[in-house]
Amino acid sequence: MNELWKYEHAAYQEGIDLVCGVDEAGRGPLAGPVCAAAVILPRDLEIEGLNDSKKLSDKRRRALYEVITEQAISYGIAMVDEKVIDEINILQATFLAMRQAVLQLSEKPALALVDGNREPDFGDIPIKTIIKGDSLSANIAAASILAKVTRDRFMEEQDAIYPQYGFCVHKGYGTKAHYEALRTYGPCPIHRRTFLKKFYGE
């Protein structure tokens, strides 16, 4: 048995057939949305190279994105923008994106495996949280790839609008170059104001 299917197999043995994985990308950046994805893969689907998105090259992630979206039973992807993040905080914005992604699924899962140790509210769908789930569960790994690739593409589009920040390189994370651009140009409309308070001493 593929180790990545361990949690799914435990659920299948309890008579649960539809299991979805849920993960997010973009909790830490200074700019842009947080993105979440929910994925239901066919049982024991072997996707070569499937792993936590952070452990994969950009090229490999994008190739896997195509395979996952073609072969998944269902998937949902949702983004919550910087204005909402500033309003309700990043944890609540992440949970909101996760809920929206799960609601997009064409089939209702009997169990949601969620990366991390905090439980969002998916209504009557039971949840199991898994720390480092993106490297321990096939469905969470698939969700991590969809979320990361979707958010990266969005930030590349924003780079064309705000080229002075280098979003296509750091995707909004707080790199040295990003902080230097902020000092020079100040924030742009997609910066998270609540993430910049320390930087500006507000």
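Each residue of the sequence shown is one higher than the one before, starting from 112 at the first, in my numbering.
For every residue, glycine included, the Cβ atom is placed at its ideal position computed from N, Cα and C.
Put residue i into one of helix, strand or coil per three-state DSSP.
i, result
"Ser185", "strand"
"Ile127", "coil"
"Thr180", "helix"
"Leu307", "coil"
"Glu119", "helix"
"Asp163", "coil"
"Ser217", "coil"
"Leu156", "coil"
"Ser246", "helix"
"Lys282", "coil"
Terminal residues of the continuous beta strand (DSSP E) containing residue i?
i, result
"Cys299", "It is not in any beta strand (DSSP E) - Cys299 carries neither H nor E in the DSSP assignment."
Would you mind giving the Cβ-Cβ distance between residue i and residue j, rounded to the nearest angstrom? I have them listed as a contact below 8 Å.
i, j, result
"Pro144", "Glu193", "6 Å"
"Thr205", "Ala147", "7 Å"
"Ala136", "Ala258", "4 Å"
"Ala189", "Ile301", "Not a contact, Cβ separation roughly 17 Å."
"Gly132", "Ala212", "In fact, because the Cβ distance is near 10 Å, the residues do not count as touching under 8 Å."
"Phe233", "Ala223", "6 Å"
"Ser168", "Ser255", "Contact flag wrong, Cβ pair sits at about 14 Å."
Can you say whether residue i is buried or exposed, counting buried as having 16 or more other CB atoms within 10 angstroms of its CB?
i, result
"Glu119", "buried"
"Thr295", "exposed"
"Tyr290", "exposed"
"Leu161", "buried"
"Pro274", "exposed"
"Met112", "Summary for Met112: the model assigns pLDDT 48, below 50, so the residue's position carries little reliability; its value from the coordinates is reported in the next sentence. Result: exposed."
Which residues share a DSSP beta bridge with residue i?
i, result
"Val225", "Val133, Thr240"
"Ile151", "Ser185"
"Ala142", "His302"
"Met190", "Cys146"
If you follow the alpha helix (DSSP H) that residue i is part of, which residue opens it and which one closes it?
i, result
"Glu198", "193-199"
"Thr261", "249-272"
"Phe233", "Neither: Phe233 is in no alpha helix (DSSP H) and is coded neither H nor E."
Beta carbon of residue i: closer than 7 Å to some heavy atom of the ligand ADP?
i, result
"Pro237", "This structure does not include the ligand ADP; it has no bound ligands of any sort."
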